[in-house]
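First up is the structure itself, then whatever we jot down about it.
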Amino acid sequence: MTTPAIPEGVKRCSTRKFAIWLAVVGAVLLWGVYAMFLVWYKGLNQTGMNDAYGFALWIWADLAVIALGGGAFFSGFLTYIIGKKELKNIINYAVIIGFICYSSALLILALDIGQPLRGWFIFWHANVHSMLTEVAFCLSVYFGVLTIEFIPVVLENPKLDRVPFLHHLSHNLHEVMAVFAATGVFLSFFHQGSLGGVAGVLYGRPFSFREGLLIWPWTFFLFTWSAAAVGPCFTVMVTWLTEKVTGKKLVKQEVFQLLGKISGWMLLTYMIAKIADTWYWAVVTAPSKGFALMDFYTNNPVYGIWILIAELVVCGLVPAFILISRKGRENNTLLLTAMILAVIGICINRWVMVLQVMAAPLLPFQEWYMYMPTWQEVATTILPVAYGIILISLAHRYLPVFPQEKELNPGN
Amino acid sequence: MSTQSDNQPVPAENRASGWVIFVFFLIGLIASLISGWIAFPNLLYSTQQQPIDFNHKAHVAQMDCSSCHFFRDDGSFAGSPTLDECKSCHMYPMSNDPDEQKFIEEYVKKDKEVPWLIYAEQPPCVFFSHAAHVKGADMECRTCHGDIGQSTSLREYQENRLTGYSRDIWGYSMLRLGEAKHGGRHKMNDCAECHLKETGSKGDCFQCHK
Amino acid sequence: MFPFIFEWAWDIAHLVFMGALWYALSIIGAGLTYCIIKSLYDTATQEGGDSAHH
Amino acid sequence: MKIDRRCFLSLVIGGAVGTTLTPVPWKLTDDIAIWTQNWPWTPSPEKGPSVYKKSVCTLCNGGCGINVRTVKGQAKKIEGQADYPVNRGSLCPMGISATQHLYGPSRIQSPMKRTGERGQGKWEKISWAEAISTVSEKLAELRSRKKPHTVACIAESDRGTVPYLLQRFLTAYGSPNFIRTPSSFDAQEQALYLTQGRHGTIGYDLENAGFILSFGSALMDAWGTAGQMLSASADFKQKNKLIQVEPRLSDTAALASQWVAAKPGTEAALALGLAHVIVRDNLYNKEFVDNYAFGFEDWEDENGTVHQGCKSLLKQYPPKKVAGITGIDKGTIESLARKFARAKRPVAICGRGSGMVPGGLDEALAVFALNALVGNINQPGGVTAIPEPDYWPEMQRDKTASNGMQQPRVDGAESDRFPNTRYLLNRVPEAINSAKGESPIQALLVAGGNPLYTMADTETAKKAFDKIPFIASFSTYMDETAQYADILLPNHHFLERFEDVPTPAGTPTRVIGLTRPVVEPRHDTRHIGDTLINIAGSLGGFIENAFPWENYEAFLKQTLTKQWDSLEKQGYWVDPEFMPPAWEKAFQTPSGKYEFYPSQRSKASGKDADALPGFRQVELPGDPEKMPLTLMPYASARIAGGAVANPPFMTKTVDTDVIKDGAVFVEINPQTAKKHGLSEGDAAVLKTPAGKARVRIHLFEGLMPGLVAMPAGLGHTAFSDYIAGKGANVNALLTDVTDPGSGLNAGWGIRASLVKA
Amino acid sequence: MTKQAQHTKTKRYGMVIDLDRCTGCGACMVGCYAENNVPFRKDETDKMLSLNWLRVFKVDNGKPFPDTEVCYIPKPCMQCDGRHMEGHSPCVSVCPAVATDYDEPTGVVSQIYTRCFGCRYCMAACPYHARKFNWWDPVWPADMEKYLNPDVSVRMRGVVEKCSFCYHRYQKARDKAYVEGRDEIAENEYQPACAEACPTRAITFGDLHNPEHEVYELSRSKKAFRLLEKLNTNPKVYYLTSKSWVRRKADNYLEGESPADRKPAHKAETASH
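Residue numbers (this note's numbering), protein chains in the order written: chain P, 1 to 412; chain L, 1 to 210; chain F, 1 to 54; chain G, 1 to 757; chain A, 1 to 273.
As structure tokens, this is what we get:
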């Protein structure tokens with residue numbers, strides 16, 4: 001059944017099936033929306049946060065989705081600036097995933113502040129010394145860029161494409177896309193970095209505090225680098241998942257492998273820097289504040305040294321080595337495993353840089369602070385996932401996201 | 001949803017022409033401009049009359065400003081006089097003025113404070129030091145409050161329905177442009193502007209906040 | 001974020017930070033404006049024209 | 001002209017463009033933000049001139065001078081009154097947060113009559129006229145049945161005009177049953193009477209003392225006048241002058257220069273042991289002991305019987321033996337005794353904890369003996385008896401009243417058995433519960449003290465109260481006792497009323513403070529003095545005649561005419577003539593001297609051994625097999641342990657290892673915990689012969705192994721949602737342990753078991 | 001946040017708390033709550049949800065009975081001067097909306113509740129947990145609103161608050177000085193509520209720059225130290241103790257390191273002059 005709303009030459013499931021799918025995901029979405037409403041209406045007492053955990057699950061989710069959404073800017077960078085033509089086959093999807101990630105991040109930020117109606121103060125009364133200001137500005141402006149990058153894809157919907165103005169707009173946007181992409185890369189560099197800076201500048205928190213370059217702590221650069229390294233892995237992971245769900249091959253394996261190779265080298269260089277950073281922190285920074293490394297990993301039920309090993313070795317070095325080896329990349333299972341590990345690694349890193357920072361006691365007579373999210377927090381954190389699935393479903397159904405789809409699925 | 005006809009371009013003669021579309025654009029534009037610039041400000045503010053029409057000029061002729069608007073020993077500023085302070089003269093009528101009659105009937109006799117509406121009332125988060133301005137910097141009342149001492153009648157009081165602020169805080173111009181009516185505007189930036197001019201610094205937060 | 005805001009200061013931090021911000025915004029703004037105007041122009045000159053843009 | 005949807009779209013775009021060019025979105029964004037800054041449901045206090053008003057806090061018997069900041073007739077902040085002779089500007093957290101009680105939800109807002117079952121909390125608002133006629137009809141009825149003595153009154157104090165009016169009312173009415181709630185000063189003041197022959201409050205001149213030996217008094221935690229003690233404590237540490245004897249490292253012990261962890265209940269033995277060393281080494285004040293004391297040496301009475309004196313008695317308490325009893329090593333006892341005797345202006349004080357429980361008379365006498373041995377009676381830095389007020393007007397009473405007054409007291413105080421004890425509230429429940437037939441109390445007036453919270457074994461007390469047919473409460477707050485009453489006649493809050501506050505116990509000067517209205521009464525309450533005058537008025541006859549004043553204020557001014565000027569001006573009056581009398585004139589005992597051998601006491605029992613202070617181990621209730629631990633309450637300045645519960649601010653200061661999520665933590669030594677399989681934070685059931693409570697465990701090295709320490713003052717069930725339901729009431733787990741000599745409650749703890757829940 | 005030249009008239013208000021005197025009675029806390037309109041809830045046992053501008057910790061030396069010792073440590077906002085004594089306290093520089101700032105004339109770290117939008121970054125930055133969040137709308141049951149202090153604005157849900165050294169008292173003292181034609185205010189004219197409420201006079205408050213103020217000498221005493229000094233936050237709250245174990249509780253030490261190795265507290269401060 002081909003309706004004009006669906007791109008030419010591709011096959012899509014029945015409206016009924018699609019509606020059921022949407023309804024299921026929509027139910028999860030509604031649950032999240034209800035929780036979101038509760039948080040806005042009743043305030044942040046709906047969360048499990050407290051004065052020790054001013055930053056908690058949401059900020060982690062924010063940091064994580066932004067890191068994972070980094071696939072958009074880095075793929076854009078590779079496609080439009082470096083000129084990796086093969087990546088044109090996945091750039092649309094990278095943009096969509098980035099758009100979902102960033103819109104989710106903004107939504108979570110809007111939830112996470114105590115006075116949402118005053119949220120614009122961060123722009124209006126900006127304190128330029130605050131990493132969070134940098135995050136807010138770059139994040140929202142970059143979201144604008146992503147929207148601009150997303151628009152042409154939307155406009156390629158057959159129905160919209162028939163409107164002459166929109167047709168031309170889409171065309172013209174494509175023409176200057178490199179400019180936007182470059183701006184996006186610039187903005188991304190700063191907001192990804194600033195997110196790292198958020199924790200890194202906290203000189204009252206020896207666990208996260210780092211020295212750095214000018215006003216930027218080393219975490220600034222580590223975050224940018226790691227987002228660039230792992231963002232494409234997430235893009236590939238989601239693409240692969242989409243392929244599994246739709247039962248179609250959407251992107252050629254070479255594209256995956258190319259991204260895998262680039263990610264691999266990025267990840268390896270990142271891990272070298274990260275390990276150096278951790279080493280310096282463990283032997284210089286932390287001891288200067290009176291802490292031994294193991295002070296941060298003992299006497300508590302959750303944060304053991306395993307977390308450091310998991311982040312650096314299992315989800316860091318291991319996937320890096322798999323991805324840089326041709327054999328590893330060419331084995332589909334290994335490629336995906338490595339990418340998933342890398343994604344987990346980055347999530348652990350962001351978790352540690354938010355939650356463990358809050359948990360570690362500073363005064364010697366204090367205990368580790370523990371935190372348990374409420375269902376409202378969980379629901380609102382899952383909400384973006386549901387929203388993302390819906391947006392992806394709609395995009396896949398109605399937009400020509402994957403240029404290679406027709407070629408790869410000739411039977412349709 | 002889609003029908004066959006949707007796939008066909010709509011014949012040109014069935015479509016609105018460019019200038020019609022432009023006229024609609026203009027209608028939308030002008031209507032919103034009018035409602036935004038004229039209706040909105042009127043809706044946003046409510047207007048109230050002072051409970052008693054006080055004649056400053058008549059009083060100033062006979063006494064100092066500080067007889068009613070004085071500093072307490074602890075340095076705080078008394079603001080508008082209390083009933084007791086008014087009563088010290090107006091226990092009984094001193095003239096035939098109808099407002100004085102009203103004052104005595106409704107407030108003195110009933111021993112009720114007059115609910116004066118304060119034009120320059122600052123919100124609870126603000127600490128405004130009259131002492132610093134009047135005593136420390138030798139400023140005159142009229143610099144901020146206008147020539148209220150020469151007025152014979154109290155003007156109406158406008159209150160922002162959303163914020164509860166007196167309109168004098170934002171100023172009467174929606175764009176906060178031009179010469180301020182009644183002495184001055186009283187938003188933070190207005191304070192800062194003067195402070196910057198007079199002291200070289202806009203001031204620290206705690207200078208005026210509490 | 002504007003010079004007339006209370007917190008604004010004409011110092012290096014503001015100039016660098018806000019300079020970069022406004023620079024990025026103006027590039028985006030200029031790009032968008034160009035695209036819209038160009039599209040309006042294209043629409044007017046080649047009504048229902050070809051579509052081979054990719 | 002064709003109009004299609006593109007026209008509509010265009011209209012909307014035009015509108016949108018136009019709107020952005022108007023102030024609407026921008027001004028609204030700003031105004032909405034300002035709205036969040038002034039949310040109508042967030043209060044904004046009214047400005048106005050600050051007026052400071054002096055008064056005296058009566059939340060406990062401490063009586064600290066306060067200075068209340070008011071704005072537009074509303075009390076804003078309570079601060080200490082700097083020149084007040086008792087507390088000198090210092091104030092305890094309870095006093096500071098009294099505004100929370102004044103304006104809080106636990107106030108009784110008008111007279112009320114019970115409609116449901118007792119304690120059910122169902123009330124009906126009534127008028128003052130109805131309330132007063134209900135009470136007076138009940139009283140008139142009992143009087144007509146010639147049973148005026150079955151009326152009892154419980155009050156928190158027996159000094160000052162209000163307690164006096166209560167007593168006067170009972171006297172005119174015909175009941176001897178005026179009962180004051182217990183305090184540690186009961187034992188001390190009885191000891192004062194027995195040794196010096198004077199009724200009065202005891203004054204410790206701690207500020208001028210050079211060395212303070214405290215037998216478990218929680219000086220830093222609400223003992224005596226909290227403000228005064230805390231203020232005096234400022235130099236305890238600096239001058240190394242405080243020694244604390246206590247099995248728990250309390251806040252006082254922490255501040256002391258030496259903490260002596262004696263086994264609980266052995267304080268008397270330690271005092272006698274110290275006295276032993278002092279006498280043995282001839283370190284005592286010979287001038288005082290030889291010339292102004294009686295019963296130090298053995299003596300012979302007119303019948304030729306030889307009586308053992310203090311000196312001989314002390315021979316029974318050599319350091320080695322005392323070390324065995326107290327668990328303190330011999331060397332410490334020896335050195336402590338020498339330090340005490342050689343110090344400049346040493347003083348020993350007693351009254352365990354915050355002084356809610358009287359303790360045994362022997363302990364008080366033993367500590368008094370220490371003071372006498374160093375001759376610090378009526379000396380700077382020593383112990384002084386402050387005479388009680390004596391300015392009461394004459395009255396006449398009718399025959400019914402006279403007959404009633406001759407009936408024995410319900411509590412057995414001033415009886416042959418306990419001739420020197422004035423009040424024994426602790427014995428009332430037993431008296432009622434064991435009575436055959438109807439309750440010996442037919443009507444009870446509760447004027448403070450909140451006995452159903454503060455009495456040991458509250459369940460038994462409640463059972464006794466159940467048998468009292470009529471209970472009226474004058475309480476300001478809906479406390480546990482008010483909740484159990486039949487009729488409520490609420491008194492003004494102390495910030496709304498006049499009242500005099502005579503010398504608080506422990507203060508070494510003669511002072512009267514004036515509590516006065518700082519704010520207008522907020523509710524339909526009435527001064528208890530006025531209520532009493534009203535009730536007397538409706539009873540008529542001699543009773544009415546005994547209350548000839550227009551109102552309480554008139555009575556107060558008349559009574560304190562001489563002092564009134566000073567009271568009104570400064571808020572207090574200090575007796576300019578009061579000087580601790582010289583030793584020659586100080587003692588009004590039968591011997592005219594300070595009596596180491598209290599002959600008044602021996603008269604009661606006729607036995608030597610009972611007269612001299614001795615150490616008798618108090619047997620704690622409970623089977624040591626089944627209950628291997630010992631529960632002791634402890635006082636904390638952050639928890640009000642008395643009649644009036646913690647206001648929310650104080651509860652806010654209490655830390656997480658004292659109370660968490662409604663459960664109270666009991667402290668135990670980690671060693672004990674290990675033995676009983678308990679660890680930090682565990683939920684457990686604490687069981688004593690009186691009852692059980694769910695608690696949680698907090699390990700504290702500073703507690704003697706084998707003990708369980710539980711904070712006093714938690715576990716309220718009344719007042720308000722902000723106060724009730726926090727932890728358990730330790731009083732409910734304790735029982736009365738009657739001191740054989742005085743009838744006072746000598747219980748300092750109880751046996752207990754602690755089992756993980 | 002602009003850095004001004006160190007003016008001789010610039011004050012650095014600070015506090016010295018004598019831990020040898022503190023009995024942990026809690027009067028300072030209650031005094032603070034009453035003065036500063038600090039709200040309360042039915043259950044305040046979770047101290048990480050409780051609005052307490054001032055909290056008094058109880059610490060012990062960990063030795064077994066009867067060698068145990070305890071000490072109380074009252075902890076208000078430390079009013080940090082920042083790493084380079086320039087006012088970049090851990091919290092000030094992170095606030096994205098300039099809701100918290102370093103008050104140059106007094107050295108007090110300000111918090112403007114109406115500016116704060118509740119991002120809580122400052123709370124994450126503060127190593128002392130001095131900053132508290134309004135998780136709930138404040139509610140004063142019955143008539144309790146009546147005792148609220150008009151000199152201190154009431155905070156609304158969703159914003160951060162903290163100890164301000166009772167800055168409103170400074171404002172009032174200055175007003176009095178203006179009216180009396182004075183330039184300076186005396187030491188006793190500006191005292192925060194906790195210092196005033198402390199019945200044991202353990203809290204001393206004044207200008208750390210002014211040799212005539214008591215805190216000047218006290219903060220330079222050998223017994224003086226500050227909490228978590230190694231973090232270089234440069235607090236203006238000093239503590240005095242005669243016990244070395246208490247100092248060990250106030251900062252982190254590596255094995256073999258001891259508080260005695262550290263230079264006295266005031267050295268760090270004078271070094272920057």
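Glycine included, C-beta positions come from ideal geometry on N, C-alpha and C.
Remember, it's a predicted structure, so these values are computed and weren't measured experimentally.
Proximity below 8 Å, CB of residue i to CB of residue j
i, j, result
"G:SER183", "G:GLY641", "no"
"A:ASN252", "P:LYS289", "yes"
"G:CYS57", "G:ALA98", "yes"
"P:TYR430", "P:GLN356", "Because chain P here runs from 1 to 412, residue 430 of chain P falls outside it and cannot be looked at."
Where residue i falls: helix, strand or coil (DSSP)
i, result
"G:ASP362", "helix"
"L:GLU100", "helix"
"G:LYS758", "With chain G represented from 1 up to 757, any question about residue 758 of chain G goes unanswered, as that position is not in the structure."
"L:GLN4", "Note on L:GLN4: pLDDT 40, under 50, position unreliable in the model; the coordinate value appears next. Helix at L:GLN4."
"P:MET370", "coil"
"G:VAL410", "coil"
Close beta carbons around residue i, own chain, < 8 Å, minus the five adjacent residues each side
i, result
"A:VAL56", "CYS22, GLY24, GLY26, CYS28, MET29, TYR72, ILE73, PRO74, LYS75"
"G:LYS463", "PRO429, ASN433"
Length of the line joining the Cα atoms of residue i and residue j
i, j, result
"P:TRP21", "P:VAL154", "21 Å"
"G:LYS122", "G:PHE719", "14 Å"
"L:ARG155", "L:LYS112", "22 Å"
"P:VAL163", "G:ARG5", "14 Å"
"F:MET18", "A:THR45", "45 Å"
"G:SER106", "A:ASN37", "20 Å"
"F:PHE61", "L:GLY171", "The structure shown does not extend to residue 61 of chain F, since chain F is modelled only from 1 through 54, so no value can be given for it."
"P:GLY200", "P:GLU211", "8 Å"
Residues near residue i in its chain [Cβ-Cβ closer than 6 Å; skip 5 each side]
i, result
"P:GLU86", "VAL255, LEU258"
"G:ARG422", "ALA413"
"G:ALA728", "VAL664, ALA693, GLY715"
Review point. Of the residues that make up the stretch 141–169 of chain A, which ones have a beta carbon closer than 7 Å to any beta carbon in chain P?
Key: ARG157, GLY158, VAL159
Review point. Given a limit of 7 Å on CB to CB distance, which residues of the stretch 179–210 of chain L reach chain F?
Key: MET188, ASN189, ALA192, LYS202
Review point. Which residues, in order along the stretch 5–18 of chain G, keep a beta-carbon less than 7 Å from a beta-carbon of chain L?
Key: ARG6, CYS7, SER10, LEU11, VAL12, ILE13, GLY14, GLY15, VAL17, GLY18
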